[in-house]
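Residue numbers (the working numbering): 8 to 268.
Even glycine gets a Cβ: it sits at the ideal position worked out from N, Cα and C.
Owing to the predicted nature of the structure, the values given are computational and were not obtained by experimental measurement.
Structure record follows, encoded as structure tokens.
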Amino acid sequence: MHNKRLYGSIAVSTLTMMWLAGCGGVTSSSNSPTSPSTPSIPSTNQLRLYQHGDEFVYTVSGVARYLEQRYEVSGTRTVRIRSAGAGVLRYTWESRLRLRRGADTYNDDRMIVYTLSQNRQSREVTLLGYSADPDGPMINADLPYRVFVPGILNENSNFTYSTPFENQSNISRLWQIGRIEPVQTYAGQYSCYQVREEFEFDYPFPFVEYMWNATCWFSPQLGVMVRSETIEQGWLNGEPIEYRLTEILQRTNVSLQSATP
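So this is what it looks like as structure tokens:
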């Protein structure tokens, strides 16, 4: 599923040029009538329908605190969506990170496969279960199934999700959805909602297996984050690890035209 400062200067300079062009530079007239400003209408967008074969590849960079040492981190994360038939989708998230400190290196490779269902009318995405192995059995979510991704995104709104599973694990997330803004990535520029995300994945062990706090940019045209800045806490080889990562969309086979709902 998995990320910042590029949008600010673009948005400010563009709006400034538009304002100056529309107002004739800095020239003004004291005789011009004034009127109250029109309140802005919050942006609302519908999530696109996921398609069999969708793929999103991200570059990841940052640092990690591991074994009481600081490591440089690089790697990739990939999201793939495949149809499993009868309206069921397999959403595979694969992370391949490399930690380096001088001659010392560690690999942190993870994969999780979410089994999803998307309502074609409301566009809501529901989580049915997950597996840590693409060929392994699915761990079912407890009924009733919860909405995992909202079908409609609104500026200045919140979205919360929490569900337990049959093996006593639990996933919870909070999205604080802000304004929509242009975000530049290696794959192009997208209109995205800035999202403050809190995510926690508890396994049936006496510790939190994985959690993160992030500022992300979510594209309703693609249905995924295109950039994120995260603080991630988890475990590697039985030892705690903390990441501070930047994740940017590098390439995707979903075009803007095909991504339009």
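{"Item": "Enclosing beta strand (DSSP E) for D116 [first to last residue]", "Value": "111–125"}
{"Item": "Coarse secondary structure for L54, derived from DSSP in three states", "Value": "coil"}
{"Item": "Whole-angstrom distance between G136 and E216, CA atom to CA atom", "Value": "17 Å"}
{"Item": "Residue range of the unbroken beta strand (DSSP E) whose run includes N165", "Value": "164–171"}
{"Item": "Given P157 as reference, the closest of N260, D61, V86, F225 once Cα atoms are compared", "Value": "F225"}
{"Item": "Own chain, CB closer than 6 Å to E131, minus 5 neighbours either side, in chain order", "Value": "V154, G158"}
{"Item": "Which of helix, strand or coil DSSP assigns to C243", "Value": "In the sequence as displayed, the identity of residue 243 is Leu instead of Cys. In this structure, L243 counts as strand in the three-state DSSP scheme."}
{"Item": "Where L263 falls: helix, strand or coil (DSSP)", "Value": "helix"}
{"Item": "Pick from G69, Q125, W219, L256 that is closest to S90, judged by C-alpha positions", "Value": "Q125"}
{"Item": "Cβ pair T192, S68 closer than 7 Å", "Value": "no"}
{"Item": "Stretch pair the segment 179–187 + the segment 160–167: three plus CB contacts closer than 8 Å", "Value": "yes"}
{"Item": "Beta bridge counterpart(s) of L74 as assigned by DSSP", "Value": "In DSSP, L74 forms no bridge with anything."}
{"Item": "Check whether R105 and V120 have beta carbons under 7 Å apart", "Value": "no"}
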